[in-house]
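Numbering (the working numbering), first residue to last: 1 to 192.
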């Protein structure tokens, strides 16, 4: 039966071997006072400790409710809104009940503009997945609904998601003003 060493052991052995061989390089030992000392160069292989699992598509939906917000309106007719909003809502994430928290900041002119923030998914078992989101909001002047779209990037996680990475996209819709409920649909190509 053939057994293979874990990838982490192989990386450690490769690094030790590389550093051991670094001392075997030739160095100039000139005694002339006009030459500068020669420093041996060491080539170190690129090492990635990224998750080795295969990516899977994870889609989740939540309806965010604002817990707290601080938004200022300035400019002619208060057409510029900027500030932050802390929202949360329930979801099902990979078949498990979870809570999603969105800490976001906005800078809208006439209801449209950029936003960014952090979305954290926390499962009932305590595992969590932290992400960064950024995108654009667009107010429909006829219906007064605001649609959102953007990128979502995994920062890291805890528990079952401690070694997670990935990225994806998300969309959202808010039927009312800043601070009203937002329907959020996220899709992540997740590796853990």
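In this text, a Cβ means the ideal position worked out from N, Cα and C, and glycines have one as well.
These figures come from a predicted structure and were not determined experimentally.
Taking C-beta atoms as the reference points, residue 57 and residue 98 fail to come closer than 9 Å. Across the structure, residue 192 and residue 162 are spaced so that their CA atoms are roughly 7 Å apart. Taking 9 Å as the cut-off, the Cβ atoms of residue 64 and residue 182 count as close.
Around the beta carbon of residue 85, a 10 Å sphere encloses 16 or more other beta carbons of the protein chains shown; the residue is thus reported as buried. Collapsing the DSSP output to three states places residue 78 in a helix. C-alpha of residue 80 to C-alpha of residue 174: approximately 18 Å in a straight line. Here residue 54 is exposed: its Cβ has fewer than 16 other Cβ atoms, across all protein chains shown, within 10 Å. For residue 110, there is no enclosing beta strand (DSSP E), as DSSP marks it with neither H nor E. CA-CA distance, residue 88 to residue 140, rounds to 24 Å.
Residue 134 is positioned such that its CB atom lies no closer than 9 Å to that of residue 146.
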